[in-house]
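Here the structure is laid out as structure tokens; the discussion comes afterwards.
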Amino acid sequence: MRRFSTLSRRLQRVVPATSPSTAGAGSSPALYTGLEPKIKESQDSLIRAVFDNGDVWQDFSQKSVAKPKQSRSITGFINYLTNESDYETGLFMNDFLKTPAGFQKYTAASIEEAGQLIEQLLGALTQRDKLRNAITTFDRLSDVLCQVIDLAEFIRAAHPEQHFVQAAQEAHEQMYEYMNVLNTSVELYTVLDMVFKDAEIVKQLTHEEKVVGRLLLEDFKKSGVTLDDSGRENFVSLTTKISLLGRDFISSNHPKEDFITLTQGEAQGLDPQLAQQLSQGNSVYVPTGGVPGQLALRGMKNESSRKLLWSKMRESSYKSIEALENLLVNRLELANLMGKESYADYLLSDKMAGNPENVMRFLNGLLDKTLPGAKKELSVLEQIKKQATSDPKSILQAWDKSYYASQLLYQKRNKTKTAHMLSEYFSVGTVVQGLSRIFDRIYGIRFVPTETKAGETWHHDVRRLDVVSETEGLIGIMYADLFQREGKSPNPAHFTVRCSREIYSDELAQMSSSPISKVPTLNLNGKVFQIPTIALICDFTTPHALYPSLLSYQEVETLFHEMGHAIHSMLGRTSLHNVCGTRCATDFVELPSVFMENFASNPESLALFARHYSSDSPLPYQQLERHLNEQSYFKDVEQYTQIKMAMLDQVLHGNISKTIKNGHFNSQELYDDLEKDRPLFPPSPSSWHGSFGHLFGYGASYYCYLLDRQMADIVWKKLFSKNPLSRDAGAKMKNEVLQWGGSRDPWECIAGVLEDPELAKGGSQAMEKIGNYDKH
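At position 3 of the sequence shown the residue is numbered 2 (numbering that gives the first Met the number 0), and the sequence of numbers has no breaks.
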């Protein structure tokens with residue numbers, strides 16, 4: 000439910016950074032605006048230094064370890080089994096979180112405050128005058144709960160101390176259970192329903208209040224609150240069952256057979272080291288799953304061996320197919336209970352797409368545009384096969400693609416031998432510094448490294464970056480936890496720890512006595528806003544004593560992508576937390592992050608930061624250009640594959656009731672029909688859909704990334720391709736897309752930024768138009 004849950008020194012002594020104030024005082028723009036060029040330049044240099052120079056970082060970070068009672072191991076882990084008095088503050092400047100035990104106190108205090116807000120809301124059932132502010136009270140309630148849930152989710156993913164992780168898990172479970180009770184509260188739903196049935200009150204609501212109120216109302220309905228007692232009981236039963244079936248599907252998500260057995264001759268061409276690992280006697284046991292199987296497909300010369308391996312890799316287990324079909328049937332039953340024809344109908348009603356028919360129009364248009372390029376790319380491989388086999392009639396099969404693509408790429412890379420040198424121009428410090436410079440050019444915001452207090456961060460490697468606007472001062476706080484360590488999630492991610500929202504005048508008086516309301520704030524045009532706080536985690540190599548952490552180009556793209564989410568959180572400042580930053584439609588949220596990836600390959604933006612970590616010489620763009628050309632050899636084939644996966648997701652979550660016979664649903668028929676539609680290879684038996692794990696997590700929404708990439712490409716081409724560092728283009732992106740968060744219809748956002756009014760209404764024509772836009 001959207002409303003109550005998360006929808007995931009040396010230089011510094013010269014240039015001091017000031018920590019933000021807590022609620023009531025607000026931060027002063029004067030601290031950061033109007034700085035002399037030398038000070039701003041020093042702050043810019045400091046960004047690279049604190050990530051790349053161990054001596055600078057050691058000196059800069061001394062304050063965070065200043066208290067002698069605080070124990071820190073040689074690995075950088077902090078010992079939290081000490082007294083609260085050992086710390087100036089707790090995690091993220093939350094005084095409760097000085098020790099793991101404080102998490103329970105914070106949760107209890109948050110539930111107590113939530114209870115007071117609920118009392119206010121229920122009072123509106125009998126006191127009409129309380130209905131006017133009900134939506135803002137709902138939003139405050141959501142903010143209270145989400146600050147615990149979101150924080151707990153982050154701690155579980157990144158904190159090195161097991162005691163803290165366990166405390167976060169317990170807090171998450173307690174608050175999630177509390178949230179679920181609220182999700183199905185008929186009384187709370189009734190309050191919101193009364194607001195929208197009172198015409199006089201509706202006239203008084205702001206635009207944001209109407210948007211948030213309607214979102215909350217729909218979320219209540221999606222939680223089954225309008226059903227009768229029997230229906231609600233069935234709803235709870237089905238959602239629980241779907242969750243369990245999803246786990247069964249994921250746990251059984253592997254091929255029917257674990258490996259194939261080949262002779263040494265049949266496995267010829269395998270990487271020698273891999274062959275040694277897989278060999279026992281004269282036999283080679285090749286796994287049908289994971290990286291070894293993929294490497295074998297790329298290396299084995301024998302086509303019969305490749306065909307056998309490919310076939311077994313695409314043959315799902317009976318248990319996996321059964322779990323998937325049970326999952327899909329129960330999702331259909333849930334959708335029918337809620338008055339929808341299909342699960343896709345149920346899920347997409349509040350998305351940009353609107354309904355599954357619109358999604359399929361978009362995907363079909365994109366597939367038609369992608370298919371010719373994909374066939375052309377594969378024709379190159381077919382020619383290589385004909386030459387290799389001396390058979391002019393030879394046809395490229397599905398199991399040949401990886402092998403001949405590997406041969407082609409090997410030949411190309413053997414000629415250039417430059418890809419491995421790229422990382423020397425992409426140290427973590429230069430890339431973060433480059434991001435700050437790009438944001439400064441296009442949005443007028445930048446990063447300022449800031450000292451942390453003892454207890455504020457969870458590991459010595461964490462850097463705090465204040466996000467500063469040239470006109471508004473401090474607008475956000477980012478904690479960058481970018482280096483790998485044991486126990487930390489390897490997946491790059493952006494976590495919103497605290498959302499932006501307006502703090503209203505009636506709250507300010509109460510906040511002085513509230514134990515959970517000490518938050519950084521911004522005073523702007525007579526309004527007080529809660530400053531957003533986000534955490535960014537990556538899994539980059541740890542810096543060496545002799546050189547900094549160096550990134551592959553793919554890791555550079557990853558960091559640009561995650562920073563796109565971060566800046567959306569910073570610039571998407573709204574009065575209500577439910578629609579701030581990245582809290583927008585699921586099929587719109589990736590647009591800002593995918594859009595940012597374009598700057599990682601553009602010559603003008605690269606000139607701002609891509610420099611050799613040692614010599615400081617600029618990156619010869621030709622080196623990157625050759626690498627990018629290699630990476631794009633099969634871009635249409637890859638896109639074709641993603642489109643077909645998105646189509647499969649829609650088909651299986653569509654109205655499958657017609658295919659259920661005698662109580663049994665046969666997913667194989669639907670999969671086979673889809674495979675026959677506009678194929679790239681001759682038909683061959685496969686039940687791969689039973690191994691498509693994203694069918695559970697992304698159910699009916701796998702298309703989202705394709706839609707957002709398409710829109711991001713269009714925005715880049717129209718606004719930024721000719722002048723990527725244009726402040727005017729940045730202002731357009733900020734004013735039409737980023738600043739709204741989720742408070743504006745995403746179709747109006749995309750129509751505004753592209754200056755295409757026809758898109759504003761959304762619907763089937765808009766989806767089809769986006770799918771058929773010429774990107775090239």
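The beta carbon of each residue, even a glycine, is placed where N, CA and C say it ideally should be.
What are the start and end residues of the beta strand (DSSP E) that includes residue i?
{"i": "Cys583", "result": "Neither: Cys583 is in no beta strand (DSSP E) and is coded neither H nor E."}
{"i": "Pro286", "result": "282-286"}
{"i": "Thr189", "result": "It is not in any beta strand (DSSP E) - Thr189 instead sits in the alpha helix (DSSP H) that spans 185-196."}
{"i": "Glu501", "result": "500-502"}
{"i": "Ser468", "result": "462-468"}
{"i": "Val447", "result": "444-448"}
Determine the burial state of residue i: buried for a count of at least 16 other Cβ atoms within 10 Å of its Cβ, exposed for fewer.
{"i": "Ser72", "result": "Residue placement at Ser72 cannot be trusted, given a pLDDT of 36 that sits under 50; the coordinates are not used to answer."}
{"i": "Thr388", "result": "exposed"}
{"i": "Thr262", "result": "exposed"}
{"i": "Asp480", "result": "buried"}
{"i": "Pro681", "result": "exposed"}
{"i": "Gly486", "result": "exposed"}
{"i": "Asp228", "result": "exposed"}
{"i": "Ala699", "result": "buried"}
{"i": "Gly25", "result": "Interpretation of Gly25 is limited by its pLDDT of 47, a score under 50 that renders its predicted location unreliable; no figure is taken from the coordinates."}
{"i": "Asp727", "result": "exposed"}
{"i": "Pro271", "result": "exposed"}
{"i": "His787", "result": "In the structure as shown, the chain starts at 0 and stops at 775, and residue 787 therefore has no counterpart that could be examined."}
{"i": "Ser614", "result": "exposed"}
{"i": "Leu80", "result": "In this predicted model, Leu80 has a pLDDT of only 44, less than 50, meaning its place in the structure is not dependable; the value taken from the coordinates is given anyway. Exposed, since its Cβ has fewer than 16 Cβ neighbours within 10 Å."}
{"i": "Arg246", "result": "exposed"}
{"i": "Asn661", "result": "exposed"}
{"i": "Phe438", "result": "buried"}
{"i": "Ser616", "result": "exposed"}
{"i": "Val185", "result": "exposed"}
{"i": "Ala730", "result": "exposed"}
With which residues is residue i paired in a DSSP beta bridge?
{"i": "Thr205", "result": "Paired residue(s): none; Thr205 is not in a bridge."}
{"i": "Asp349", "result": "BP columns for Asp349 are empty, so no partner."}
{"i": "Thr532", "result": "Ile476, Arg497"}
{"i": "Gln638", "result": "According to DSSP, Gln638 bridges with nothing at all."}
{"i": "Lys660", "result": "His663"}
{"i": "Thr777", "result": "Limits of the chain in this structure are 0 at one end and 775 at the other, which puts residue 777 out of reach."}
{"i": "Ala404", "result": "DSSP lists no partner for Ala404."}
{"i": "Phe482", "result": "Phe539"}
{"i": "Leu549", "result": "Ser426"}
{"i": "Pro254", "result": "Ser315"}
Residue range of the alpha helix (DSSP H) that residue i falls in?
{"i": "Cys748", "result": "745-753"}
{"i": "Leu96", "result": "Looking at the DSSP string, Leu96 is not in any alpha helix (DSSP H), and its letter there is neither H nor E."}
{"i": "Thr369", "result": "355-388"}
{"i": "Arg625", "result": "620-630"}
{"i": "Glu152", "result": "133-157"}
{"i": "Arg330", "result": "317-336"}
{"i": "Thr238", "result": "228-250"}
{"i": "Lys306", "result": "302-312"}
{"i": "Arg726", "result": "726-735"}
{"i": "Gln764", "result": "762-771"}
{"i": "Asp270", "result": "Segment: none, Asp270 is in no alpha helix (DSSP H) and carries neither H nor E."}
{"i": "Gln168", "result": "161-182"}
{"i": "Phe594", "result": "590-596"}
{"i": "Ile38", "result": "36-51"}
{"i": "Val290", "result": "289-298"}
{"i": "Gly714", "result": "The sequence given here places Val at residue 714; Gly does not occur at that position. Here the alpha helix (DSSP H) through Val714 covers 703-714."}
{"i": "Phe425", "result": "Premise fails: Phe425 is in no alpha helix (DSSP H) and is neither H nor E."}
{"i": "Tyr552", "result": "552-570"}
{"i": "Phe695", "result": "693-696"}
Following a CB-centred definition, is residue i positioned closer than 8 Å to any heavy atom of the ligand HEM?
{"i": "Gln386", "result": "Among the ligands in the structure shown, none appear at all, so the ligand HEM cannot be discussed."}
Roughly how far, in whole angstroms, is the beta-carbon of residue i from the beta-carbon of residue j, given that I think they are within contact range, below 8 Å?
{"i": "Val467", "j": "Ile474", "result": "7 Å"}
**Study point:** Three or more C-beta pairs below 8 Å linking the segment 709-718 and the segment 763-770
**Key:** yes
Review point. Looking at C-beta atoms only, is the number of pairs between the segment 488-497 and the segment 531-548 that lie closer than 8 Å three or more?
Key: yes
**Study point:** Cβ pair count under 8 Å reaching 3, the segment 372-380 against the segment 634-643
**Key:** yes
Review point. Is the segment 274-281 in contact with the segment 333-340, if contact means three or more CB pairs nearer than 8 Å?
Key: no
Practice item. Examine the Cβ distances between the segment 613-624 and the segment 734-748 and report whether three or more of them are shorter than 8 Å. Key: no
Review point. Pairing CB atoms from the segment 237-245 with CB atoms from the segment 319-339, are three or more of them under 8 Å?
Key: With contact defined as three or more Cβ pairs closer than 8 Å, the segment 237-245 and the segment 319-339 are in contact.
Check your understanding: Okay, do the segment 748-757 and the segment 713-727 touch, 3+ Cβ pairs below 8 Å being the bar?
Key -> yes
Point to revise | the segment 547-557 in contact with the segment 423-431 per 3-pair CB rule at 8 Å | key: yes
Check your understanding: With contact counted as at least three CB pairs below 8 Å, one residue from each stretch, are the segment 289-305 and the segment 197-212 in contact?
Key -> no
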